[in-house]
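Peer 1:
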Amino acid sequence: MTSIYIIAGEVSGDTHGAGLIKELLVLDPEVKITGLGGPRMKEIAGHGIEDWVETAGVVGLWEVLKMYSYFKQKFTATVTSILTQQPAAVILVDYPGFNLRVAKDLRTKGYTGKIIYYISPQVWAWKKGRVKTMAKVLDLMICIFPFEKDFYEKSGLPTEFSGHPMVDRVVALRRNWERERALVGWFPGSRLNEVKRLFPIMLQAALAIRMMHPQVRFAVSAANETLAGHLRQMADDAGMPEAKTWIETGTVYDLMQRAQVGAVASGTATLEAACFGLPYALVYQVNLLTYIAAKTVVRIKNIGIVNVLAKRDIVKELVQGRLNSDTLAAEMVDLLTNDVRRRDLQEDLAEVVATLGHGGAYRRAAQAVIGALTA
C-alpha cells in the first residue's frame, strides 16, 4: 500500500489539498493519506489528517512570532512523524514558511522518499536564491501558473504545470446573471486580522461614495457566521448600524458575479474575482513591521497575481499607505462611472484567466504525483 503524508496550513491549501487527495484516491483507491490540513482534507482522507488550519493560518511576521513556540513544537512533531512513518512521498501544499523548512530538515535527517511541492511558493517574488536549495531537496514541483515551469526548471528542479484549479471551480459556480448596477462588493478577506484592518476603511469609503452617489448600494460576504458577527460589531463601532444589512454569509462567489465593481483583499480572492470578471481594486494593509520586512525581500513591482501574470498594471493596487477611505472611494466611483474603463478591465482580466489552463487541474496534479512515485 502506497502511503503519502501531506501538509497544508491555510484554508486555500486545505481546498487544494482536498482536491488533490480526491483525485489520488481515484487513481489509486488503496493509497493511505496522513498529514496536516483542514476540514475538507479530513472529510476526504479521514482521521489520518489532523485539522490545524484555523490555528496555523496566521498572517504577518508579528502574528507568527507571537506563536513561535507553537510552530516550533508542531514542526518537530511533524518531522518526527514523517521519519517514523516513512511514507513513499511527502506532498507540501503552499505554506512555504513551514513547508520548506520541513523539506530541508527531512533531507538533513536522511529521509529518502519523494518530496513533492504542490502550489509553488512565490519565490519568484522573494528570495530567488532559495530556488537552488529547493532544487536540492525537492523531487518535483507542481505549479499552477504557466510562467513558473520555466522559472523552476532553469534551476534544475523537475516541474509540471497542472493548470489552475480555480478554472474548474469557476465553471461549476458560474451563474448567468447580469451585474447589478450601482452595487459595490466589499471583500475584506477571510482572516479576522485582515478584516479588522480593511473593513473599517471600506465603511468610511462607503460614506464618501454615498455623499457623491446616493443610489450606490453595498454588500459584503463573510466567510462564515463568526466573521459576520465581527463585521456587524465593526459596523456598530463605526456608528453605521445600517451597514449590518449589507452583510451576507457564504455568498462570496455569487457576490463576485452580482456586483458591478468591488474591492478585494490581496490573496487568492483577487484571482477568483478575475475569473468571474469582476472589475475590482486590490486592497492590502498589514502591521507596519510586517510590511517593512516584506519590502526588504520582495523583488517584484506588483503584489497582485493578475498584474504579475499580465506583466503590467491591470488592476489598481491600493497598498498600505496608498489605501485609505478617500483613495478607495475615488477608485470605486471611477470604476462605477467610467463604462469604457470597466469594460477594458474585464477584457484584460479575461485574457489573463485564459492562460491558466482549461480544467482538470487536480487530476493532472495527481497524475504527476503518481508518475513521480513510479519513476
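According to full-length UniProt numbering, the sequence shown is numbered sequentially starting from 1.
All C-beta atoms, glycine included, are put in the ideal place defined by N, C-alpha and C.
To test your reading of the DSSP string, which unbroken beta strand (DSSP E) runs of 3 or more residues are found completely within the segment 79 to 145?
Peer 2: DSSP runs (the beta strand (DSSP E)) wholly in the segment 79 to 145: 89 to 93, 114 to 118 and 140 to 143.
Peer 1: If I'm right that residue 261 touches residue 342 with Cβ under 8 Å, what's the distance once you round it to whole angstroms?
Peer 2: Right, their Cβ atoms sit about 7 Å apart.
Peer 1: Along the alpha helix (DSSP H) that carries residue 368, what are the first and last residues, could you check?
Peer 2: Element bounds for residue 368: 361 to 374.
Peer 1: Mark residue 69 as exposed unless 16 or more other C-beta atoms lie within 10 angstroms of its C-beta, in which case mark it buried.
Peer 2: Under this definition residue 69 is an exposed residue.
Peer 1: Across the segment 179 to 186 and the segment 212 to 230, are there enough close Cβ pairs to call them in contact, namely three or more that are closer than 8 Å?
Peer 2: They touch, by the three-pair rule.
Peer 1: Whole-angstrom Cβ separation of residue 44 and residue 6, contact assumed at under 8 Å?
Peer 2: At roughly 11 Å, the Cβ-Cβ gap does not stay under 8 Å, so residue 44 and residue 6 are not in contact.
Peer 1: If we count Cβ pairs, one from each stretch, closer than 8 Å, do we get three or more for the segment 188 to 205 versus the segment 230 to 247?
Peer 2: Counting Cβ pairs under 8 Å, three or more are found: they touch.
Peer 1: Nearest CA to the CA of residue 353: which residue from 234, 145 and 91?
Peer 2: The residue with the shortest Cα to Cα distance from residue 353 is 145.
Peer 1: Quick one: grab the DSSP three-state call for residue 32.
Peer 2: In this structure, residue 32 counts as strand in the three-state DSSP scheme.
Peer 1: Is it true that the segment 322 to 330 meets the segment 241 to 258, where meeting means three or more beta-carbon pairs spaced less than 8 Å apart?
Peer 2: Because the criterion of three Cβ pairs below 8 Å is not met, the segment 322 to 330 and the segment 241 to 258 do not touch.
Peer 1: Which residues share a DSSP beta bridge with residue 56?
Peer 2: According to DSSP, which records beta bridges pairwise, residue 56 is partnered with nothing at all.
Peer 1: With DSSP as the reference, label residue 219 as helix, strand or coil.
Peer 2: Looking at residue 219 - three-state DSSP - the assignment turns out to be strand.
Peer 1: With a threshold of 8 Å, are at least 3 pairs of Cβ atoms found where one atom belongs to the segment 21 to 41 and the other to the segment 106 to 124?
Peer 2: At 8 Å Cβ cutoff, the stretches do not touch.
Peer 1: Assuming contact is defined by CB atoms lying nearer than 9 Å, are residue 9 and residue 90 in contact in what I supplied?
Peer 2: In this structure, residue 90 does not lie closer than 9 Å to residue 9 by Cβ.
Peer 1: If I measure Cβ to Cβ from residue 310 and keep anything under 8 Å in the same chain, skipping five residues before and after, which residues do I get?
Peer 2: Only 348, 351 and 352 meet the Cβ criterion.
Peer 1: Could you name the residues that DSSP lists as bridge partners for residue 3?
Peer 2: Paired residues: 32.
Peer 1: For residue 280 and residue 273, which I take to be in contact (beta-carbon distance under 8 Å), what is that distance rounded to the nearest angstrom?
Peer 2: Yes, they are in contact, since the Cβ atoms of residue 280 and residue 273 sit about 5 Å apart, within 8 Å.
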